[in-house]
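Here the structure is laid out as structure tokens; the discussion comes afterwards.
In this note's numbering, the protein residues as written are 25 to 328.
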């Protein structure tokens, strides 16, 4: 049986059928490219509008820089502060204030109302504050605590400036190389910012006790985003998270050194399984993005 020869009309329909998926694919990619900026700018606009409404209503923000409030507001937390009626404050209320004779802002809990109408405050990990607060000293009541968000607020200007610089560099890079270049520069920007501000791993010593046998005991509080393990040289170890308190003891030192009462500790991050998963995913993300883009390009190509 002799196969039928392809007519020009048949060949034209076949070519059109091959071109149709390619045209649809290009149209879909075109829509995605134009939709993504709108989604990004729309989200930023909503965030900016919410922040403006909060500020216009008297709300303010404060970033926690010391560990005095323990796990309630660890270092790096972002506090949402709302104006409040001074007479309505009760023990346990979390407030932000500027104490008399100081220009520093503190955020502690109300401990008691004094007979003269002033209030006393203290932190969870600190003794009663030495001042008595009046209405003009109080800036507001803390209504929300976003743990870790204060670090983002601190690093935000550097990240934003870096993002603008990356966007400018992208304009001078050919289209096919923009994705890997963006990933490379973005990773470098994030690494440099984290290295400079050091938000991940930290601990602060709260107390130190020297024992008669030459050993020493130290109490620490976590000040980073990641939980850490603190190991005393020749002694025990303890794991603490942000705002958590732990104590380690270093055993007695060798002969001739017992009068020094030294306490040397090592601080190391403790990574959960999902942190490792994120790290591994980040390492493979450039290859995955490149493979996806290459596959999309092949499917979008016009068949001969």
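Don't be surprised by glycine CBs; every beta carbon is placed ideally from N, CA and C.
Where the beta strand (DSSP E) containing residue i begins and where it ends
i           : result
residue 168 : 162-170
residue 194 : Careful: residue 194 lies outside any beta strand (DSSP E), inside the alpha helix (DSSP H) at 173-194.
residue 247 : Counting along the chain, residue 247 falls outside any beta strand (DSSP E), and DSSP gives it neither H nor E.
residue 269 : 269-274
residue 105 : 102-106
residue 293 : 289-293
residue 230 : 227-234
residue 110 : That residue, residue 110, is in no beta strand (DSSP E); it is neither H nor E in DSSP.
residue 262 : 261-264
Own chain partners of residue i with C-beta closer than 6 Å, once the 5 adjacent residues on each side are dropped
i           : result
residue 186 : 213
residue 164 : 105, 106, 107, 108 and 120
residue 101 : 88, 169, 171 and 174
residue 153 : 145 and 146
Segment limits, alpha helix (DSSP H) that includes residue i
i           : result
residue 95  : Note, residue 95: premise wrong, no alpha helix (DSSP H); not H, not E.
residue 219 : 202-221
Beta-carbon proximity list for residue i, same chain, < 7 Å, skipping 5 on both sides
i           : result
residue 134 : 113, 114, 115, 116, 117, 119, 143 and 145
residue 206 : 190 and 194
residue 291 : 225, 227, 252 and 254
residue 310 : 204 and 207
residue 124 : 155 and 161
Nearest-angstrom Cβ-Cβ length linking residue i and residue j, presumed shorter than 8 Å
i           : j           : result
residue 161 : residue 122 : 6 Å
residue 252 : residue 149 : Going by Cβ atoms, the distance from residue 252 to residue 149 rounds to 17 Å, so no, they are not a contact pair.
residue 94  : residue 267 : 5 Å
residue 256 : residue 289 : 5 Å
residue 78  : residue 103 : Residue 78 to residue 103, Cβ: 12 Å. No contact.
residue 306 : residue 271 : Actually they are not in contact, since the Cβ atoms of residue 306 and residue 271 sit about 35 Å apart, beyond 8 Å.
residue 91  : residue 262 : Their Cβ separation, rounded to whole angstroms, is 16 Å, which puts residue 91 and residue 262 out of contact at 8 Å.
residue 159 : residue 196 : Actually they do not touch by this definition, with Cβ atoms about 58 Å apart.
residue 221 : residue 184 : So it is not a contact: roughly 14 Å between Cβ atoms.
Buried/exposed call for residue i, threshold 16 Cβ in 10 Å
i           : result
residue 297 : exposed
residue 68  : exposed
residue 130 : buried
residue 181 : exposed
residue 216 : exposed
residue 232 : exposed
Where residue i falls: helix, strand or coil (DSSP)
i           : result
residue 256 : strand
residue 305 : helix
residue 85  : strand
residue 131 : strand
residue 144 : strand
residue 69  : helix
residue 156 : coil
residue 315 : helix
residue 296 : coil
Residues near residue i by beta carbon distance below 8 Å, same chain, minus five either side
i           : result
residue 224 : 218, 248, 249, 250 and 293
residue 82  : 106, 107 and 164
8 Å Cβ cutoff, residue i in contact with chain C
i           : result
residue 186 : In the structure shown, chain C cannot be found, because there is only a single protein chain.
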